[in-house]
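Heads up, the thing below is written out as structure tokens.
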Amino acid sequence: MKKILSTIVISAMLLVASSSFTTSSSSLGGTEIAVIVHKDNPIASLSASEAKLSYLRKIKKRWEGINKNIRPADRKTKCAEQEVFYSKVLGMTADDVEKYFIARQYQNAEKPQDKFASDKDIIDFVGDEGGAIGYVNSASLTAEAKAKVKVVLTISN
Amino acid sequence: MKQKNKISKAKLLILCLVLTTGTVFSQTAQISGFADVIAVASSDTAGGKMQTKNNFSLGAIDMFITSQFDKVSFLGEVAFEWDEVDFERLVINYDIKNYFKISVGKFYTPLGYWNNTYNHGTLIQPTISRPEVLGDFIKSMHLKKQIGFQFQGDGITKYNLGYNLAVTHGITDIGYVDDADEGKALTLNLHAEPIENLKVFVSGLYDVVPKGQQAVSDSILLTDADFQIFNFGVAYMNGKLPFEFIGEYYNVSHNMAETKSTQGYLLYAGYRIKKFVPYISYDVLLYEKGDQYFNTNNSNAATLGLRYLLNAKSVIKLEYKYRQLETTGVGHFVTMQFAIGF
Chain A
2 MKKILSTIVI
12 SAMLLVASSS
22 FTTSSSSLGG
32 TEIAVIVHKD
42 NPIASLSASE
52 AKLSYLRKIK
62 KRWEGINKNI
72 RPADRKTKCA
82 EQEVFYSKVL
92 GMTADDVEKY
102 FIARQYQNAE
112 KPQDKFASDK
122 DIIDFVGDEG
132 GAIGYVNSAS
142 LTAEAKAKVK
152 VVLTISN
Chain B
351 MKQKNKISKA
361 KLLILCLVLT
371 TGTVFSQTAQ
381 ISGFADVIAV
391 ASSDTAGGKM
401 QTKNNFSLGA
411 IDMFITSQFD
421 KVSFLGEVAF
431 EWDEVDFERL
441 VINYDIKNYF
451 KISVGKFYTP
461 LGYWNNTYNH
471 GTLIQPTISR
481 PEVLGDFIKS
491 MHLKKQIGFQ
501 FQGDGITKYN
511 LGYNLAVTHG
521 ITDIGYVDDA
531 DEGKALTLNL
541 HAEPIENLKV
551 FVSGLYDVVP
561 KGQQAVSDSI
571 LLTDADFQIF
581 NFGVAYMNGK
591 LPFEFIGEYY
601 NVSHNMAETK
611 STQGYLLYAG
621 YRIKKFVPYI
631 SYDVLLYEKG
641 DQYFNTNNSN
651 AATLGLRYLL
661 NAKSVIKLEY
671 KYRQLETTGV
681 GHFVTMQFAI
691 GF
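So the protein lines, in turn, are chains A and B.
The first sequence maps to residues 2 to 158 in the numbering used here.
The second sequence maps to residues 351 to 692 in the numbering used here.
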């Protein structure tokens with residue numbers, strides 16, 4: 002009986018510990034991200050739901066006005082910016098996003114999202130590629146970066 | 351034998367084409383694929399005797415190359431199965447506008463939802479096996495995939511209306527480089543997504559199988575036979591809500607000797623609980639008595655399953671399936687599948 006009780010107590014402690022760990026790991030400390038497109042893209046601003054549809058190439062596959070392929074840019078590894086973008090803009094988990102792009106590639110021959118190691122790489126890609134859309138930490142948008150890309154949405158955690 | 355050699359040469363030709371095109375587009379080409387391994391325990395009345403089996407089996411290694419260069423995109427797909435290599439698809443798309451794209455090559459016949467969405471994609475398919483109506487039945491008419499061209503478009507109006515209009519080789523088997531008849535099949539699929547991930551669709555195909563062709567039942571057609579396929583359905587998959595479902599109805603009618611129609615439908619429903627999705631499905635295939643074109647064998651199958659998403663690229667499915675075939679009776683199957691993407 003004692004053994005069972007102690008097992009239950011230890012299990013409960015582990016559960017509490019794991020849930021508090023989850024809470025602290027998903028606490029992003031007020032990260033603000035900016036959704037960016039190429040500076041020549043005529044889009045002035047996007048709502049979160051429009052940004053989602055564009056990024057996922059759900060309804061439109063090409064930007065109107067410039068008729069260029071929408072090219073989503075993503076981070077290679079999990080980071081605070083990605084977590085905010087996935088949860089606040091896409092409303093999807095990392096696994097859902099990955100699976101979504103795999104399915105689109107298989108079904109429609111669509112190129113999956115391009116992945117980059119840093120905000121700087123995403124800014125360079127969006128600055129070079131007319132149809133690109135990406136997200137970066139707002140703090141990464143220096144004056145030099147702002148000359149290459151246009152902010153169409155900002156989201157705070 | 352001569353026919354086999356012809357097909358082998360054709361496959362070789364297409365393989366070269368896939369590789370060549372892949373090389374041409376190599377700057378942006380990506381190779382991906384799916385693979386799966388299955389364990390099954392079954393109790394089935396095959397050949398009039400109840401047989402109990404349990405075995406491991408290989409699914410397929412499905413590899414596809416995709417490439418996109420501005421308005422042109424390419425997909426080449428090859429499936430390596432235990433006894434053969436199949437050229438599943440070879441599609442070149444020219445994406446002119448959001449609402450207008452031209453595709454040429456070998457592509458999924460744009461009928462319904464399931465046939466256009468899963469096929470060898472065992473990682474993304476919600477169940478282990480295809481429903482009866484989309485299994486051997488549709489395969490017997492060579493309608494999983496077709497060779498030809500299609501116009502398609504999406505994102506029209508706020509209801510996200512879309513269309514596919516395909517002109518393809520049709521119901522007769524053409525191998526890869528030859529067509530058994532001059533006539534072509536016409537397929538139209540109209541769909542809408544009024545709410546994100548909720549898809550409603552209606553589709554149909556018309557084709558004429560010329561006299562002299564061999565039916566699925568091995569009979570020879572004495573006159574031309576008109577084939578009409580009608581399909582409609584609704585699907586809600588991968589949405590924000592935890593539930594998911596697919597419902598599709600098919601009616602295949604032809605006038606070989608006399609007008610006969612085959613009906614089939616599939617129902618699938620699942621409920622997502624974190625990484626688990628318990629699901630049920632039910633599908634039916636009903637032939638009309640006296641149908642001379644098909645090997646009639648009415649069937650219905652009910653499945654109870656559990657899907658566990660290990661991560662974005664691997665999934666484990668466990669299913670119990672009850673299947674009743676008119677000819678052989680009842681079968682019980684417990685199947686486990688480990689499917690991955692790479």
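Idealized CB from N, CA, C, for every residue including glycine.
Report task. Would you mind working out which of B/483, B/662, B/677 and B/588 sits nearest residue 599 of chain B, comparing C-alpha positions? Result -> B/483
Query raised in the report: Alpha carbon to alpha carbon, how far is residue 376 of chain B from residue 421 of chain B?
Result: Note that residue 376 of chain B scores a pLDDT of 48, beneath 50, so its modelled location is shaky; the value from the coordinates is reported in the next line. The alpha-carbon atoms of residue 376 of chain B and residue 421 of chain B are separated by roughly 16 Å.
Requested in this report: Answer yes or no: does any C-beta atom of chain A fall closer than 8 Å to that of residue 478 of chain B?
Outcome: no
Report task. List the residues that DSSP assigns as beta-bridge partners of residue 64 of chain A. Result -> A/69
Report task. State the Cα-Cα distance for the pair residue 395 of chain B and residue 404 of chain B, rounded to the nearest angstrom. Result -> 14 Å
Query raised in the report: Of the choices B/378, B/400, B/519 and B/576, whose alpha-carbon is the least far from that of residue 604 of chain B?
Result: B/576
Query raised in the report: Taking DSSP as the reference, what is the three-state secondary structure of residue 465 of chain B?
Result: helix
**Report entry** First through last residue of the alpha helix (DSSP H) which encompasses residue 128 of chain A
**Finding:** 120-129
Requested in this report: Please confirm if the stretch 563-583 of chain B is in contact with the stretch 449-462 of chain B, defined as three or more CB-CB distances below 8 Å between the two stretches.
Outcome: yes
**Report entry** Exposed unless 16 or more other CB atoms sit within 10 angstroms - verdict on residue 378 of chain B
**Finding:** exposed
Report task. Below 6 Å CB to CB, which residues in the same chain sit around residue 471 of chain B once its five sequence neighbours on both sides are set aside? Result -> 384
Query - Nonlocal neighbours in the same chain, by C-beta distance under 6 Å from residue 633 of chain B, ignoring five residues either side - result: 481, 482, 616 and 651
Report task. Determine, using beta-carbon pairs with one atom in the stretch 619-632 of chain B and one in the stretch 486-497 of chain B, whether at least three such pairs fall under 8 Å. Result -> no
Query raised in the report: Going straight from the alpha carbon of residue 556 of chain B to that of residue 533 of chain B, what length do you get?
Result: 11 Å
Report task. Check whether the Cβ atoms of residue 155 of chain A and residue 139 of chain A lie closer than 8 Å to each other. Result -> yes
Query raised in the report: Which one or two residues does DSSP pair with residue 510 of chain B in a beta bridge?
Result: Answer by DSSP bridge pairing: none, since residue 510 of chain B is not bridged.
Query - Neighbouring residues, chain A, relative to residue 661 of chain B (Cβ below 7 Å) - result: 96
Query raised in the report: So what does DSSP say about residue 502 of chain B, is it helix, strand or coil?
Result: strand
Report task. For residue 44 of chain A, return the contacting residues in chain B, with the cut-off set at a CB-CB distance below 7 Å. Result -> Simply none; closest approach about 14 Å.
Query raised in the report: For residue 680 of chain B, which residues does DSSP report across the bridge?
Result: B/674
Query raised in the report: With a cut-off of 8 Å, does the C-beta of residue 613 of chain B fall near any C-beta of chain A?
Result: no
**Report entry** Residues, ordered as in the chain, of the stretch 411-428 of chain B that lie near chain A by beta-carbon distance below 7 Å
**Finding:** 414, 416, 418, 420, 423, 424 and 425
Requested in this report: Check each residue of the stretch 498-520 of chain B: if its Cβ is closer than 8 Å to any Cβ of chain A, include it; give the result in chain order.
Outcome: 504, 505 and 510
Query raised in the report: Given residue 529 of chain B, which residues of its chain have a CB within under 6 Å of its CB, disregarding the five upstream and five downstream residues?
Result: 519
Query raised in the report: Do you know whose CA, among B/473, B/521, B/573 and B/591, lies nearest residue 545 of chain B's CA?
Result: B/591
Query raised in the report: Within 8 Å (strictly less), CB to CB, does residue 106 of chain A reach chain B?
Result: yes
Report task. State whether the stretch 118-135 of chain A contacts the stretch 32-42 of chain A, with contact taken as three or more CB pairs (one from each stretch) at a distance under 8 Å. Result -> yes
Query raised in the report: Leaving out the 5 sequence neighbours to the left and right, which residues in its chain are closer than 6 Å to residue 22 of chain A when beta-carbon positions are compared?
Result: Low confidence applies here, because residue 22 of chain A scores a pLDDT of 38, under 50, leaving its location unreliable; read the following figure in that light. Excluding positions up to five away in sequence, the list is empty.
Report task. List the residues that DSSP assigns as beta-bridge partners of residue 585 of chain B. Result -> B/549 and B/596
Query - Cβ-based contacts, 8 Å cut-off: residues of the stretch 439-450 of chain B near chain A - result: 441, 443, 445, 447 and 448
Query raised in the report: Nearest CA to the CA of residue 433 of chain B: which residue from B/450, B/417, B/451 and B/410?
Result: B/410
Query - Own chain residues within Cβ distance below 7 Å of residue 570 of chain B, not counting five before or after - result: 562 and 564
Query raised in the report: Considering only residues of the same chain and omitting the five flanking positions on each side of residue 567 of chain B, which have a CB-CB separation below 7 Å?
Result: 642, 643, 644 and 645
Report task. Check whether the Cβ of residue 79 of chain A lies closer than 8 Å to any Cβ atom in chain B. Result -> no
Query raised in the report: Can the beta-carbon of residue 674 of chain B be found less than 8 Å from the beta-carbon of residue 649 of chain B?
Result: yes
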